[in-house]
Amino acid sequence: MYDPEQPIYEEQIESNIQVSIKIDEHPKSWFRTIYYALQITLVDFTPFIWASLLVSIAGLPASVLPVMISASFIAMGIGTIIQTTIANRLPIVQGPSASLASAMGSVAGTYGMAAMWGSVIVGGLIEFVFGASRLMSKIRKLIPPVVIGSVVASIGFVATKIAVTWTFSNPSPMLLSMALVAFLLALFLKFRTKGIL
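Sequential numbering from 0 applies to the sequence shown in numbering that gives the first Met the number 0.
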């Protein structure tokens, strides 16, 4: 039974995953640092998906897409540096959000880019006030885990739909076999290996 007074993240879940690097640790060598950075860069492809989603929903020309992807990477880098050095210091790469990208695209398509960026600035200031006042920890107690899980699952469904559409849009045997190999490799690494960043 869900108890709103019980903190959500206090549960201890049994897992066979062993953490390679803890929060206040650094990789032991430059090789490992570059290896982990390359791994995160290759895994975090979301700026391509959500920037293209924003451009298509807003009805912008395709020539805007490279600029949006570059801006996403620059903002991701700045946000990640701020979070890992000043803010909560967790080793998480910041990135664009699927739910926000679709909402921003709808606003831009209806009211224009100025209204979209204005709403982003106002929303960012409101979120800053919530974060600085520590009000989110009180609000989070009112949201049961089933709601959080449903939101995360719906974002995953959107990402899956985009990935499947891209995979089968050009049904050449080479591209389909590459997608299958990547899928099987991800399953193998998830269930047959130990360790996580």
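Built from N, CA and C at the ideal position, the CB exists for glycine as well.
Because the structure is a prediction, the values reported are computed rather than measured.
1) What are the start and end residues of each continuous alpha helix (DSSP H) run of 4 or more residues lying completely inside the segment 40–120, in chain order?
2) Determine the contact status of Ile250 and Ile161, defining contact as a CB-CB distance below 7 Å.
3) In angstroms, rounded to a whole number, what distance separates the CA positions of Met177 and Phe190?
4) In or out: Met173 buried (at least 16 other Cβ within 10 Å) or exposed?
5) Roughly how many angstroms separate the alpha carbons of Leu196 and Leu53, rounded to a whole number?
6) In whole angstroms, what is the alpha-carbon distance linking Met112 and Ile120?
7) Check whether the Cβ atoms of Gly108 and Ala57 lie closer than 7 Å to each other.
8) Which same chain residues, not among the five before or five after Ala97, have their C-beta less than 7 Å away from its C-beta?
9) Which two residues bound the contiguous alpha helix (DSSP H) that contains Ile154?
10) Can you tell which of Ile85, Asp43, Arg88 has its C-alpha closest to the C-alpha of Ser71?
11) Taking 8 Å as the limit between beta carbons, can you name the residues of its chain near Ile20, skipping five residues before and five after?
12) Kindly say whether Val180, judged by its beta-carbon, lies nearer than 7 Å to any beta-carbon of chain B.
So, from the data block:
1) 45–57, 64–84, 97–110
2) This structure cannot speak to residue 250, because the chain is shown only from 0 to 196.
3) 20 Å
4) exposed
5) Because Leu196 carries a pLDDT of 43, less than 50, the predicted location of this residue cannot be relied on, and no value is offered for it.
6) 12 Å
7) yes
8) Trp49, Ile154, Val157, Ala158
9) 144–168
10) Asp43
11) Pro26, Tyr35, Pro90, Leu196
12) Protein chains in the displayed structure number just one, and chain B is not present.
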